[in-house]
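Step one of this worksheet: look at the structure below.
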Amino acid sequence: MSDVTLSVRGLDAGFSMGGSTVMVVRDVDLDIRKGEMVGIIGESGSGKTVTGMSILRLLPDNAVTHAERIDFLGTDLLGLSAEAFRELRGRRIAMVFQDPVGAFNPAKKVEWHLKEIFERSAAKSPAHVDRAKNWHGAAIQLLKDVGIPHGADVMHLFPHQLSGGMLQRTLIAMVLAFEPDLIVADEPTTNLDNIVERQILRLFRDLQNRLDCAFLFITHDMSIAHMLCDRIAVMYAGRIVETGPTKQVFADPKHPYTQGLLASALALDTKTERLKEIPGELPSPTDLPPGCLFEPRCDFAKPECRAKLPAMSDLGGGRGVRCVLYNHA
Amino acid sequence: MTPRDEAPLLAVRNLLVRFRLRQGMTAALSKGPTYLKAVDDVSFDVRRGEVLGLVGESGSGKTTIGKTILRLYKPADGVIEVNGVDITHLGERRLKPYRRDLQMVFQDPLSSLNPRHTVRTALATPLLLHAICRADEVETRIDEALSRAGLPTNFKRRYPHEMSGGQLQRVAIARALTMSPALVVADEPVSKLDVSVRAQILNLFKDLQQAFNITIIFITHDLRVARYLCHRIGVMYFGKLVEIAPTEELFSAPKHPYTKALLGTLDESAATLEGQSAVAGEAFNPAADTVGCRYFDRCPLRVERCRAAHPSFEDVKSGHGVACYEWRRS
């Protein structure tokens, strides 16, 4: 398909520590089309962040990454040199992290950051050159668009003088100026308070509408994924266990883990006397169960689940699930 | 019941806690205020066997209240009474029995446990320090506490780094409960846990509370969590208690516009982002020296007098208080 912006096949990632290598992401396949927002959902330790980071080559030096294929707009990312990759990241891929503070240079004012973006994107087209010349007005307009009405004042502030919500807004204004082809957002609202979180989520919706780019949204929060994402992939202990269009997965989750996760996440939304628990805890990546990774916690576990890891079953309609209960085909 | 038994277990009156923003010359030369009022004129009671929720966003002062009740911070003004005894200014020696009676469970269990101590040491130390039991009973007490918290007793030999977040939080809960405390302050004990583990810990709190009739102040930013566990909920906004009511009442008939806004975010999470009103305006700047209502800039009900002074607490009805001039219009 030609409109696929990012296509990943067979991604493995891990870390070498003291002579041994611990794999924390296994066999991840992912496609994100232009204009689409795909969510990776998982708990801490599920490998969702490492998946995003390994695609962007942002993992530390002791990381090990293999993949059959990582294709970004026709470019084979695996074949790129470190320098070419950095150039690509700087021009076409934007990242929004949990902690916006790290995205800013603490010694530079807000205006410096915005100016930098406008100047960098000037190479894109003659219109961008004009825009870069009048960057100040354009920057104030963008700040207004993300809910900062007094942008001219904010431009003179240093990052530490802004609240977390304001920084995340400013960062989103920078992403808007940048006009990337792919945005990777990793838990961008986790550090924010409820009310500010809603405001920022609404901005992400706007980003998606305005930019028509591919969007990878990494979160542990089912309700956020529900609000924003077109499709989701649920990760557990390093593997995708279920994938499909968000609406269908929420309406009818197939994998017992997805079912449990949804039940736990949504149980608090209504008044309840007793929360349903998923027993046990996530397995450690150094001590994974032999068969299905969820088998020790699963209500439906059968002897065959312990024998071998189930393959991804295609359920049609873009849905897939890694569970023997659906292995009829 | 004698009148003494009916007295609240904990009474907090006009509590003021402030942190110094500037010192020395900077304070003398600066135009801004020297202090930040983290908790400003807060009063409430906690009854025996009750779970009181303190809900608010980060910076609202809910954690500061919890820590001040435990005398980890010194209040600038106000009174903290436990069982009718004013402990606000007690010296360390006379405070010691209250240190045992008032226990805390922190948000991050890893940093609240000594990384070089086994679970056994973490649990045994307070038992011995406070002479809770004879030395030969310590092992039994620890085994009991671990089983109650849902952990196998062989976890005694583990170090913190050998446990997951959920298991660590169970250890922290076990440690608090070995003291048979009168009051447990639980500060966001599930906010760092994963969704699938969160339900386990919330259920544990609920079971232990009901089994032992423990009094808990449960601090959380998540109203849904508060609804699940708490009998009453107090809502904080930048150092002020703005509303307090029984849980059912707060959810069915909230009066403060901020409480309503918070409850509004819950409706959204069930649906989508479309078709609801956003809360406009910036949050209050706690370092500014404002005399008016702290919710002023965001408030849809604001009128001129809200600018002049922060509203004092009014009773909507018995047990339901609100700090808003305009609550009748809401």
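Chains as they are written, first to last, in my numbering: chain E, 1 to 329; chain D, 330 to 659. Where is the CB? At the ideal position from N, CA and C, for every residue including glycine.
Which whole-angstrom value describes the C-beta separation of residue i and residue j, a residue pair presumed to lie in contact below a C-beta threshold of 8 Å?
i, j, result
"Ile224(E)", "Leu201(E)", "6 Å"
"Ser7(E)", "Asp27(E)", "In fact, because the Cβ distance is near 15 Å, the residues do not count as touching under 8 Å."
"Thr65(E)", "Ala107(E)", "With 8 Å as the limit, Thr65(E) and Ala107(E) do not qualify as a contact, their Cβ atoms being about 33 Å apart."
"Tyr587(D)", "Tyr566(D)", "5 Å"
"Leu275(E)", "Leu531(D)", "6 Å"
"Cys628(D)", "Lys584(D)", "Actually they do not touch by this definition, with Cβ atoms about 13 Å apart."
"His156(E)", "Lys109(E)", "6 Å"
"Arg561(D)", "Thr576(D)", "6 Å"
Expressed to the nearest angstrom, what Euclidean distance is found between the alpha-carbon atoms of residue i and residue j?
i, j, result
"Thr544(D)", "Leu497(D)", "22 Å"
"Pro279(E)", "Gly353(D)", "55 Å"
"Arg428(D)", "Leu456(D)", "12 Å"
"Ala638(D)", "Leu570(D)", "15 Å"
"Arg89(E)", "Glu187(E)", "19 Å"
"Val620(D)", "Gly164(E)", "25 Å"
"Asp181(E)", "Ile117(E)", "15 Å"
"Arg486(D)", "Arg423(D)", "34 Å"
"Ala311(E)", "Gly244(E)", "16 Å"
"Ala574(D)", "Val101(E)", "37 Å"
"Glu111(E)", "Arg33(E)", "33 Å"
"Ile502(D)", "Thr286(E)", "28 Å"
"Met166(E)", "Ile148(E)", "8 Å"
"Tyr257(E)", "His220(E)", "14 Å"
"Gln436(D)", "Ala555(D)", "15 Å"
"Leu339(D)", "Ala511(D)", "9 Å"
"Val241(E)", "Ala528(D)", "21 Å"
"Met330(D)", "Asp644(D)", "Because the pLDDT of Met330(D) is 40, which lies under 50, any placement of that residue in the model is unreliable, and the number read from its coordinates should be weighed accordingly. If you take the alpha carbons of Met330(D) and Asp644(D), they lie about 27 Å apart."
"Ala590(D)", "Phe580(D)", "12 Å"
"Val146(E)", "Leu268(E)", "31 Å"
"Cys635(D)", "His136(E)", "37 Å"
"Glu466(D)", "Ala474(D)", "12 Å"
"Gln538(D)", "Ala582(D)", "27 Å"
"Ser641(D)", "Gly650(D)", "10 Å"
"Ala607(D)", "Gln199(E)", "For Ala607(D), the predicted structure reports a pLDDT of 49, less than 50, and the residue's modelled location is therefore unreliable. A value from the coordinates is still provided. Distance between the alpha carbons of Ala607(D) and Gln199(E) is about 7 Å."
"Met95(E)", "Ala177(E)", "13 Å"
"Val375(D)", "Thr190(E)", "31 Å"
Given that residue i touches chain D, what residues does it touch there, using C-beta distances under 7 Å?
i, result
"Ser20(E)", "What Ser20(E) touches in chain D: nothing, since even the nearest Cβ is about 18 Å away."
"Glu43(E)", "Asp523, Val524, Ser525"
"Arg57(E)", "Those within 7 Å of Arg57(E) in chain D number zero; the least Cβ separation is about 27 Å."
"His128(E)", "Within chain D, no residue comes near His128(E); the closest Cβ sits about 30 Å away, beyond 7 Å."
What did DSSP end up calling residue i once you bin it into helix, strand or coil?
i, result
"Asn343(D)", "strand"
"Ser606(D)", "Confidence in Ser606(D) is poor, its pLDDT being 45 and thus under 50, which makes the residue's placement unreliable; the coordinate value appears in the next sentence. Coil."
"Glu410(D)", "strand"
"Gly382(D)", "strand"
"Leu315(E)", "strand"
"Gly593(D)", "helix"
"Tyr566(D)", "strand"
"Gly621(D)", "coil"
"Ala599(D)", "With a pLDDT of 45 at Ala599(D), under the threshold of 50, the predicted position of this residue should be treated as unreliable, and no value is reported."
"Phe484(D)", "helix"
"Tyr654(D)", "coil"
"Ala478(D)", "coil"
"Ala336(D)", "coil"
Which bits of chain E does residue i rub up against, with CB to CB less than 8 Å?
i, result
"Leu595(D)", "Asp269"
"Ala590(D)", "Ile195"
"Ser387(D)", "Asp193"
"Ser493(D)", "Glu281, Leu282"
Residues of chain D with CB closer than 9 Å to the CB of residue i, please, in chain order.
i, result
"Leu275(E)", "Arg527, Ala528, Gln529, Leu531, Asn532, Lys535, Tyr557"
"Asn209(E)", "Per Cβ cutoff of 9 Å: no residues; Asn209(E) is ~12 Å from chain D at best."
"Ile278(E)", "Val524, Ser525, Val526, Ala528, Gln529"
Starting from residue i, find everything on chain D with Cβ-Cβ shorter than 8 Å and list it in chain order.
i, result
"Gly260(E)", "Ser525"
"Ala265(E)", "Val524"
"Glu304(E)", "Ordered by position in chain D, no residue passes the 8 Å Cβ test against Glu304(E), which lies about 24 Å from the chain."
"Arg272(E)", "The sequence given here has Thr at residue 272(E), not Arg. By Cβ distance, chain D contributes Tyr557."
"His113(E)", "Residues of chain D passing the Cβ test: none, with the nearest at roughly 21 Å."
"His255(E)", "Going along chain D, no residue has its Cβ under 8 Å from His255(E), so there is no contact; the nearest lies around 13 Å."
Note down, in chain order, every chain E residue with its Cβ under 7 Å from the Cβ of residue i.
i, result
"Val554(D)", "Leu268"
Under 9 Å between beta-carbons, which chain E residues line up against residue i? List them in chain order, please.
i, result
"His550(D)", "Asp193, Asn194"
Subject >> Those runs of the beta strand (DSSP E) which lie wholly inside the region 209-275 of chain E and span at least 3 residues >> reply: 214-219, 231-236, 239-245
Subject >> Minimum length 4: unbroken alpha helix (DSSP H) runs contained in the region 493-556 of chain D >> reply: 494-506, 524-541
**OP:** Run through the region 23-83 of chain E for me and flag every whole beta strand (DSSP E) of 3 or more residues, listed as ranges in chain order.
**Re:** Taking 3 residues as the shortest admissible run, the region 23-83 of chain E contains the following complete beta strand (DSSP E) segments, listed from N- to C-terminal end: 37-41, 63-66, 69-72.
**OP:** Go through the region 136-197 of chain E residue by residue and report every complete run of the alpha helix (DSSP H) that reaches 4 residues or more, in order.
**Re:** Restricted to the region 136-197 of chain E, the alpha helix (DSSP H) segments that are unbroken, complete and at least 4 residues in length are 151-154, 164-178, listed in chain order.
**OP:** Could you please tell me which residues of the region 434-458 of chain D, in chain order, have their CB closer than 8 Å to any CB of chain B?
**Re:** Absence of chain B from the displayed structure is noted, the protein chains being E and D.
**OP:** Would you list, in sequence order, the uninterrupted beta strand (DSSP E) runs of no fewer than 3 residues that lie entirely inside the region 400-460 of chain D?
**Re:** If we require 3 residues or more, the beta strand (DSSP E) runs fully inside the region 400-460 of chain D come out as 406-411, 431-434.
**OP:** Would you list, in sequence order, the uninterrupted beta strand (DSSP E) runs of no fewer than 3 residues that lie entirely inside the region 92-143 of chain E?
**Re:** Within the region 92-143 of chain E, the complete beta strand (DSSP E) runs of at least 3 residues are 93-96.
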